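S.K.: Everything in the sequence shown is counted per this note's numbering, starting at 127 for the first residue and increasing by one.
C-beta atoms are modelled at their ideal positions from N, C-alpha and C, and glycine is treated no differently.
If you're wondering where the values come from, they're calculated on a predicted model, not measured in any experiment.
Sending over a structure as C-alpha cells; questions will come in a sec.
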Amino acid sequence: EKVNIHTSTKSYPVYIGKGAIQQLRDIILDAEESYTSIMVITDETVAKYHLDSFHEHTALEGIVEKIVPSGEQAKTFDVYNDCLSSALENKLDRKSLIISFGGGAVGDLAGFVAATYMRGIRFIQVPTTILAHDSAVGGKVAVNHPLGKNMIGAFHQPEAVIYDLDFLQTLPEHEVRSGFAEVIKHSLISDENFYYWLREEIQSLDKMNDSKLLKFLTKGIQVKGSVIAEDEKETGIRAFLNFGHTLGHAIEAEAGYGKVTHGAAVAIGMLFALKLSTQLLGLDFNTEAFKIWLKNLGYETSIPAGLSNVQLIERMKQDKKAVNNTIRFVLLEKIGVPALIEIDEKVLMMNLKKFVEKGE
Ligand code: NAD
Ligand code: ZN
C-alpha cells in the first residue's frame with residue numbers, strides 16, 4: 127500500500143506492507159538531489175533484531191550507524207548531543223541523509239537531529255512499532271527536557287516513510303497494545319465504519335493477521351495524513367489527534383513515564399472522553415461495550431490506583447491546550463465528528479471522581 131501525505135511544506139510517500147523495506151534502496155538512489163552520506167539512528171533492541179536485515183536490504187556501503195538506548199531514554203539531551211557528535215565526526219554535510227529506524231522514540235530523536243543538524247537535513251522514517259504509524263507521519267519531532275516531555279522540538283517532515291510490517295513481528299504484546307490505542311483513536315475521530323470494523327475484527331492483540339494489520343495501519347495513516355494536510359502546525363484541527371490524550375498524558379506523567387505505556391494511558395483517556403461526550407454533548411454511544419472490548423484486548427480501563435484526582439487535574443491544566451480555569455478536551459459529537467470543548471475545572475473534577483470511584 128502507498129499513502130501520499132501532503133503538507134504545506136512537503137509531500138511524501140508512505141509505503142506500508144510486508145517487505146516494504148525493499149523500497150528503501152531505490153528511494154535513496156533515486157533522490158532528486160543525491161545524498162553525500164547516510165547515518166542510520168536506531169535503538170539497541172531494534173538493532174539486535176533487525177539491523178542486519180536493514181543493511182541486507184539497503185545494500186549500501188558506508189552507512190554510519192548510531193545505536194542509542196531503547197525507549198524513552200533515546201530522547202534525552204545527552205543522546206541528542208551524542209548523535210550530533212557522530213554526525214560531525216563522520217562528516218555528514220547539508221546533503222546527507224538521516225534514517226530513523228525504530229519506534230516513536232527513535233523517530234522523534236532522529237527527526238530532531240535531522241531538523242537541527244546544519245539547520246536541517248533530509249531524513250527518512252523507517253518505523254518498527256504499531257505506535258509509530260502515528261508518530262512517523264506528520265513531522266513533529268522532539269526530545270524531552272527534564273521539566274517536560276517533548277518540550278524541545280521542531281516540525282520537520284520526512285522525505286518518505288517506509289513501514290515494513292515484518293519488523294513488527296518481534297514487538298512485545300504490551301507494545302502492540304500501546305500502538306493499537308492510537309489506531310482506535312484514529313477510527314473514533316474520523317469514521318464510524320472504520321471503528322465498527324475494528325470492533326468486529328480485532329478481538330485479540332496477540333496473533334494479529336497480516337491483512338488486518340495492513341488494513342488498519344493504512345487506514346490510520348490516511349486519517350493522520352488527512353488531518354495534517356489541513357493543519358500541519360496544529361493551529362486548529364490537528365488538536366483532534368489529542369483525543370484521549372488530555373487525561374492520558376496526565377496519567378502517564380503522574381504514574382511516572384514507563385510505568386504505563388503511552389497507549390495504555392490513552393485508552394483510559396479515550397474511555398473517559400467518551401463518557402464525557404455522552405454526558406456533555408449527547409453522544410449516542412455504548413461506553414460499556416467499548417470498555418468490555420478494551421478489557422478483552424488487555425487494556426486497563428481504570429486509572430491506576432494511588433493517583434490523585436487533584437494532581438491529575440493540575441497536569442491537565444498544564445497541558446498545552448488549557449486556558450484560564452477551563453481545560454480543553456477533544457470530545458465527540460458523533461463517532462467521526464470530534465469537537466474541541468472547554469470544560470470547567472469543577473465539572474471535570476466531578477466527572478473524574480465519578481469515573482474513579484464508580485467507574486462511570
Ligand atoms: P519506542 O520507540 O520507545 O518503542 C517502544 C519499545 O519497543 C522500545 O523499547 C523499543 O526498543 C522497542 N521496539 C521498537 N521496535 C521494536 C520491534 N520491531 N521489535 C521489538 N521491540 C521493538 O516507543 P513507541 O511506542 O514506538 O513511541 C513512543 C514515542 O513516540 C514517545 O516518545 C512519544 O512521545 C512519541 N510520539 C510521537 C508522536 C509524533 O507525532 N511525533 C506521536 C505519538 C508519539
Ligand atoms: Zn498518542
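I'd like to confirm the pairing. Which residues does DSSP put opposite Arg220 in its beta bridges?
M.R.: None, per the DSSP bridge assignment.
S.K.: Tell me which residues share the same chain as Asn216 and place their Cβ nearer than 6 Å to its Cβ, disregarding the 5 neighbours each side in the sequence.
M.R.: Excluding positions up to five away in sequence, the list reads Val190.
S.K.: Go to Asp292, then tell me how far its alpha helix (DSSP H) extends in each direction, as first and last residue.
M.R.: Asp292 -> no alpha helix (DSSP H), and no H or E assigned at all.
S.K.: In its own chain, which residues sit with a C-beta less than 6 Å from the C-beta of Val302, not counting the 5 before and 5 after it?
M.R.: Here the set comprises Ile256 and Leu331.
S.K.: Counting only the same chain and skipping the five closest in sequence on each side, list residues whose C-beta sits under 7 Å from that of Ala173.
M.R.: Cβ neighbours of Ala173 beyond the five flanking positions: Ile193.
S.K.: Classify Ala185 as helix, strand or coil using the three-state DSSP reduction.
M.R.: Three-state DSSP puts Ala185 in coil, outside helix and strand.
S.K.: For the ligand NAD, I want to know if Lys385 counts as a neighbour, meaning its beta carbon is within less than 7 Å of at least one of the ligand's heavy atoms.
M.R.: Lys385: no, Cβ never under 7 Å from the ligand NAD.
S.K.: For Leu423 and Trp323, what's the separation of their Cα atoms in angstroms?
M.R.: Leu423 and Trp323: Cα-Cα distance of roughly 15 Å.
S.K.: In the DSSP assignment, find the unbroken beta strand (DSSP E) run with Glu459 in it and report its ends.
M.R.: Thr452 to Lys460 is the span of the beta strand (DSSP E), which, as asked, contains Glu459.
S.K.: Between which two residues does the beta strand (DSSP E) harbouring Gly305 extend?
M.R.: It is not in any beta strand (DSSP E) - Gly305 instead sits in the alpha helix (DSSP H) that spans Glu299 to Leu314.
S.K.: Short of 6 Å in beta carbon distance, which residues of its chain neighbour His388, apart from the five on each side in sequence? Order them along the chain.
M.R.: The answer, listed in chain order, is Ser304.
S.K.: Counting only the same chain and skipping the five closest in sequence on each side, list residues whose C-beta sits under 6 Å from that of Ser163.
M.R.: Excluding positions up to five away in sequence, the list reads Leu218 and Ser222.
S.K.: Check the C-beta distance from Gly370 over to Val392 and give it rounded, since I have them as a contact under 8 Å.
M.R.: The Cβ separation is near 5 Å, so the contact holds.
S.K.: How many Å lie between Lys341 and Ala146 at the Cα?
M.R.: Their Cα atoms are separated by approximately 15 Å.
S.K.: Do the region 166-185 and the region 311-318 make contact, defined as three or more Cβ pairs closer than 8 Å?
M.R.: Not touching, per the Cβ criterion.
S.K.: Which whole-angstrom value describes the C-beta separation of Ile250 and Ile153, a residue pair presumed to lie in contact below a C-beta threshold of 8 Å?
M.R.: Ile250 to Ile153, Cβ: 7 Å. Contact.
S.K.: What's the C-alpha gap between Lys443 and Leu478?
M.R.: The alpha-carbon atoms of Lys443 and Leu478 are separated by roughly 14 Å.
S.K.: Evaluate contact between the region 225-234 and the region 258-272, counting only Cβ atoms and requiring at least three cross-stretch pairs below 8 Å.
M.R.: These segments touch.
S.K.: Within the same chain, show all residues whose beta-carbon is closer than 8 Å to that of Phe238, passing over the 5 residues directly before and after it, in chain order.
M.R.: The residues are Tyr206, Val267, Ala268, Val269, Ile278, Gly279, Ala280 and His282.
S.K.: In angstroms with no decimal places, state the Cα-to-Cα distance between Ala379 and Asp410.
M.R.: Cα-Cα distance, rounded: 31 Å.
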